[in-house]
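Asks: Sharing a structure here in structure tokens format.
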Amino acid sequence: MRMRTLFGHYFVTALRNLATHKLYSFINIAGLSVGLACAIFIILFVRHELSYDRWIPDSSTLYRVGVTVHLPGRAAMQSSQVPFPLLRAMQEIPEVKSTTHVVPEPMTATVGDHQFSETVAVVDPAFFQVIKLPLVEGDPARVLAQPESIVLSQSMARKFFGAADPLGKIVTVSAAEGWGCDAQDTACLSAVHPLTVTGVMRDLPQNTQLAADIILPNSSQADELRPAFRENAWLSGGTYAYVTLTPGADPRTVLAKLTPIVDRSVDPKRLGANLRGSEFMQFHLTPFWDIHLTSDNDGGMKPAGSWSTVYGFSIIALLIVLVACFNFMNLATARATLRAREISLRKVVGAKRRQLIVQFLGEALLTALISLAVALALVEMLLPTYDGFLNQPIEFHYLADWPLLLTLVAGAIAAGLLSGTYPAFVLSAFRPAAVLKMNASQTGSGLMRMLLVVSQFAVSIGLGIAALVVFSQITFARHIDLGFERDGVVIIRGITKLAPSARESFARALSTDPQIAGAVLSDAAPFDLSNASNGAIQIQGEPQSFAAHIVSIGPDFPSLYGMQLVAGRFLSTAHGDDVSGRTVLINAEAMHRFGHVAEETLGRTMVFGNGRATIVGIVGDAKIDGTNPVQPTVYVDEPDDYTLLSVRLRGGQIAEALSHIDRTWRSFMPGAAIQRHFLNDSFDDLFASDEKQGVMLGLFASIAIFIACLGLFGVASFTAERRTKEIGLRKVFGARTRDIVRLLLWQFSIPVLIANVIAWPVAYYYLHRWLEGYAYRITLNPLYFLAAGVIALAIAWVTIIAHAVRVARASPIIALRYE
Amino acid sequence: MITLKHLTKIYRTTEVETAALRDINLEVAVGEFIAVMGPSGCGKSTFLNVVGMLDSPTSGEYWFGDQNIAGRSETQLSELRKNSIGFVFQSFNLIDELNVSENVELALLYHQDISRTERKTRVHDALARVKIGHRARHMPQQLSGGQQQRVAIARAVVSRPKLILADEPTGNLDSANGEEVMQLLTELNGEGTTVVMVTHSHSHAEYAHRIVNLLDGALVTESIRRVL
């Protein structure tokens, strides 16, 4: 009972202290609540990232099959899509309990008079029994049993049928690209397939690697992939494949048993690789739950996260909370003289040191818990904006998320204890004899306080340097010379639905519009090489052979894209050999790999795939692979391979140009929705993730420096008051106002300057490693470091200049009466 | 009550050694009122700090009752101080964040053996004793100097100490308030509490049974003013 009374007394004293010293209470609570709010946002993000796919029932023994392909002369390529025949081969392995696959196929869905361009997930009929996505309607074992069945998500059902019950209704689908048909098979290209809705699936949440709103079985006629392809195409990646292993099975055993199957099924020599099948294609099993954070850059259904982002931001959260805690420590010890009398009195009346420690720790805890309440309010207000920025629905429900709430309370308590420990030990050590008569006191080590300020600014400067470098790298990458012109280009897919002659007609029809500068067919476009092939190339008679992109282009492709001609000529319809695939262009990288100069390369015969062709031109290295290093590339005219159309707009009347494109498409393909996008959108997507990271780094750097400056403001304010007498004496002996201001500014600049010495090497180390992940990158210019340091110093000066000037201007008479 | 034998207190820094108290020999009887006088810097406050167990002597003996204080830990001294000694300071030393009643109650909060009811009763009685009960809910900033010192005295006596140490209790008060404070101390002494008071004021020193004079840390003279 007496302990409760004592704690009650401590609580009342703490509250009254907070109310009496409003400025410092505000500084403490503001700093800690902003720091905690940042930490909460990051925790929510990390929790979201770690939660991917764990909500799917019975998915702990589920694996996705991936592959690493080793093409000669090229870095190993990771892919999350594997050859179709692999799954049937895996079914022979006893440890594999079940398999399923997902192939996203673009289709046009027609419901009544409405057409929708959608991506459909084509799966095997057992899909819902292997990946147990929740069905609102339908039996997982039977929902895809009928070939002409279709399962819709709830939102897709509403989109198609409104509030009506979708079960039993008809959705007609047709292939958007027609690559499952022969080019001349117009019946196949224009086929439509009525499918019956047999199930409704709960909308997939954001935290899953799967993207599926429409699912149909691969037994359906609507599936573009032909059975022969699914059974034999070992050298074409085509499907996301998932396997469930038997309980206790070791994935390594499964992969070991797969090796001889791959060796006898895959012949890499066709691609110029003198390797065994299992060396050419190395398969791996990734646990389903780990895919989101371990599968960066391998073409998953959705953009992946990464462990480095999770760890990186977790560390930033910790650093920001530490910066806030250091504030508290600094202010509490700097202002210790104000509590000296009270502390000494308490000792005089019998308080033991540990009782005082408990009291001050309690005050720190109270501040931390009040700050947590403010932080939660900030999170509540800013969560919608945060969601929008990340483009992910991150939620926080206090009751449902009670474990997280408890964790946050525990975290706030830890922050309070951390903040309060040093001040508690300093304050409780006061000697009453010294204080009560002479009003002198120890206030803790000035060195410790300086170290705390140095640490705060080191974190802020480090984050600031990182933000500057990330933004500079993104700006550099965005403005790099791509070797082609990307502005004003629209890419149209789905032209494989047209017969080859119709494709040319479509391109010509588009070009008649005065707003359109040109249109050219190809099987690939910059930033989208998914349909381009890769194969070994070699100059006839020479041993040098390496893998290259082989891109099929119409003759006007290089001029439409503004590519540079290094030597020779472009392909042309004026040359019969050009349009029959007997001549090729190569890029400068391929020429260098051959070890020749232009004059030695032009006119040579190149061997690739099953054919030969004459090199008639060398083009500049166009970075069609985006931010990846330029690969050797061969450009050949193979009209049968065309899959998309590049259209260059003249600029100005963009809306009219797009209308013309859409009208022309409808006249050629009345039953299929157009699939078009601006090339610049694909370019922007390359940087979306890095830009978000850059913005977040900049934001966190700003928050860290804001918190550090809050503390600096408080310490400067208090220190200035304490030095009133000294400053008065200096003025009596001749110091001018600007001499005093300079003195105070210099004193508070020292920790900031020292912080630079700590932050620069740490920032250099991590940023150097980060930049090495980019093929085209900036150098770490010392100016980035200098700029961050100067900005930090300037902000510190702005923070304290008001105090410095006020104190410096005070009359020395008043100052000397201070005692 | 108090016996000091060859008590010495030396303050040492890396460069200077200062003898604040030198070979003090003094006995204070139970119920005695002692006034300690001397010029500034003669060691009066140091003397009070040592007697009040806020500071430890460098050498010599200090007996408080039948207990030898030398060599005791801070915790043990804190217990002794809490139970036996009350302090009154020149600058009152009230806590600004606590009201009058809470300031007085502070002296009892660290006593494990006093119930809440008894604590409230004692506080009430102490405030009544010094005639400040009507200001129980006021904050120190709302009181005059004399009133604040009366609160400080109430705080000093609420734990019923055997000894009150007063360090220039009238130093910051006008003559009327100073007299009032001296009356209070005399009454408390009359009830059996031993009082040791440091003062510059000769008139206030006359309230004591005995005046001791310090000079340069040494006890130079004693004079009897009243019979105990």
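Each protein sequence line maps, in turn, to chains A and B. Per my numbering, residue 1 is the first one in the first sequence, and the count goes up by one each step. Per my numbering, residue 1001 is the first one in the second sequence, and the count goes up by one each step. For each residue, glycine too, the CB sits at the ideal point set by N, CA and C.
#1: Quick check: what's the CA-CA separation for methionine 438 (chain A) versus phenylalanine 313 (chain A)?
#2: Work out the CA separation of serine 545 (chain A) and methionine 606 (chain A) for me, nearest whole Å.
#3: Who does methionine 448 (chain A) pair with in a DSSP beta bridge?
#4: With H, G and I counted as helix, E and B as strand and the rest as coil, what does DSSP make of glutamine 225 (chain A)?
#5: So, is tyrosine 1011 (chain B) buried or exposed, given that buried needs 16 or more other C-beta atoms within 10 angstroms?
#6: Give a single yes or no on whether glycine 694 (chain A) has its beta carbon closer than 7 Å to a heavy atom of the ligand PLP.
#7: Which partner residues does arginine 676 (chain A) have in the DSSP bridge list?
#8: When DSSP labels each residue in this structure, what does arginine 202 (chain A) get in the three-state scheme?
#9: Arginine 64 (chain A): which of A:Ser98, A:Gln653, A:Ser344 and A:Trp746 sits nearest, CA to CA?
#10: Which one of B:Thr1193, B:Gly1217, B:Gly1190 and B:Ser1223 has the shortest CA to CA distance from alanine 1205 (chain B)?
#11: To the nearest angstrom, how far is the alpha carbon of isoleucine 586 (chain A) from that of aspartate 621 (chain A)?
#12: So what does DSSP say about arginine 582 (chain A), is it helix, strand or coil?
#13: Can you tell which of A:Gln359, A:Leu510, A:Ala548 and A:Ser153 has its C-alpha closest to the C-alpha of alanine 536 (chain A)?
#14: Would asparagine 1172 (chain B) count as contacting chain A if we go by Cβ distances under 8 Å?
#15: Determine whether the beta carbon atoms of threonine 253 (chain A) and glutamate 95 (chain A) lie at a separation below 8 Å.
#16: In this structure, does DSSP put lysine 302 (chain A) in helix, strand or coil?
#17: What does DSSP give as the partner residues of aspartate 1167 (chain B) in its beta bridges?
#18: Whose CA, out of A:Phe476, A:Arg738 and A:Glu600, lies closest to the CA of aspartate 690 (chain A)?
#19: Between the Cα of histidine 1200 (chain B) and the Cα atoms of B:Asp1167, B:Leu1021 and B:His1006, which residue gives the shortest distance?
#20: In its own chain, which residues sit with a C-beta less than 7 Å from the C-beta of isoleucine 1058 (chain B), not counting the 5 before and 5 after it?
#21: Looking at chain A, is there any beta carbon in it that lies within less than 8 Å of the beta carbon of threonine 1075 (chain B)?
#22: Within a Cβ cutoff of 6 Å, which residues of the same chain sit near cysteine 188 (chain A), ignoring the five residues on either side of it in sequence?
#23: Can you find a C-beta in chain B that's less than 8 Å from the C-beta of arginine 335 (chain A)?
#24: Run through DSSP, which three-state label would histidine 1134 (chain B) get?
#25: With DSSP as the reference, please indicate the residues paired to glycine 611 (chain A) in a beta bridge.
#26: Can you tell me whether DSSP reads phenylalanine 570 (chain A) as helix, strand or coil?
#27: Alpha carbon to alpha carbon, what distance is there between leucine 1108 (chain B) and arginine 1137 (chain B)?
#28: Are three or more beta carbon pairs between the segment 345–360 of chain A and the segment 461–478 of chain A nearer than 8 Å?
#29: Which residue wins for smallest C-alpha separation from proline 1140 (chain B), given the options B:Glu1118, B:Glu1102 and B:Val1157?
#30: Taking arginine 777 (chain A) and leucine 644 (chain A) to be in contact with their CB atoms under 8 Å, please state how far apart those CB atoms are, rounded to whole angstroms.
#31: Could you tell me if proline 526 (chain A) is buried or exposed, where buried requires 16 or more neighbouring beta carbons within 10 angstroms of its beta carbon?
#32: When you compare the CB positions of isoleucine 820 (chain A) and arginine 604 (chain A), do they come within less than 8 Å of one another, or not?
#33: Along the chain, where does the beta strand (DSSP E) that runs through glutamate 1027 (chain B) open and close?
#34: The segment 1084–1097 of chain B: which residues have C-beta closer than 9 Å to a C-beta of chain A, in chain order?
#35: Quick check on this structure: which residue in A:Ser117, A:Thr119, A:Leu745 and A:Phe128 has the alpha carbon closest to the alpha carbon of leucine 62 (chain A)?
#36: Can you check whether the CB of valine 151 (chain A) is closer than 8 Å to the CB of threonine 198 (chain A)?
Replies: In brief:
#1: Legend: pLDDT at methionine 438 (chain A) = 48, less than 50; position of this residue unreliable, value from coordinates given subsequently. The straight-line gap from Cα to Cα measures roughly 50 Å.
#2: 10 Å
#3: Beta-bridge pairing links methionine 448 (chain A) to no other residue.
#4: The sequence given here has leucine at residue 225 (chain A), not glutamine. Of the three classes helix, strand and coil, the one that applies to leucine 225 (chain A) here is coil, per DSSP.
#5: exposed
#6: In terms of ligand content, the structure shown is empty, and the ligand PLP therefore cannot be addressed.
#7: A:Ile492
#8: coil
#9: A:Ser98
#10: B:Ser1223
#11: 9 Å
#12: coil
#13: A:Ala548
#14: no
#15: yes
#16: coil
#17: B:Phe1089 and B:Val1198
#18: A:Phe476
#19: B:Asp1167
#20: For the sequence presented, residue 1058 (chain B) should be read as threonine rather than isoleucine. Here the set comprises Thr1008, Lys1009 and Ile1010.
#21: yes
#22: Cys181
#23: no
#24: helix
#25: A:Phe608
#26: coil
#27: 18 Å
#28: no
#29: B:Glu1102
#30: About 30 Å; that fails the 8 Å criterion.
#31: buried
#32: Outside the shown range of chain A, which is 1 to 819, sits residue 820 (chain A), and nothing can be said about it.
#33: 1017–1028
#34: Ile1085, Gly1086, Phe1087, Phe1089, Gln1090, Ser1091, Asn1093, Leu1094, Ile1095, Asp1096 and Glu1097
#35: A:Phe128
#36: yes
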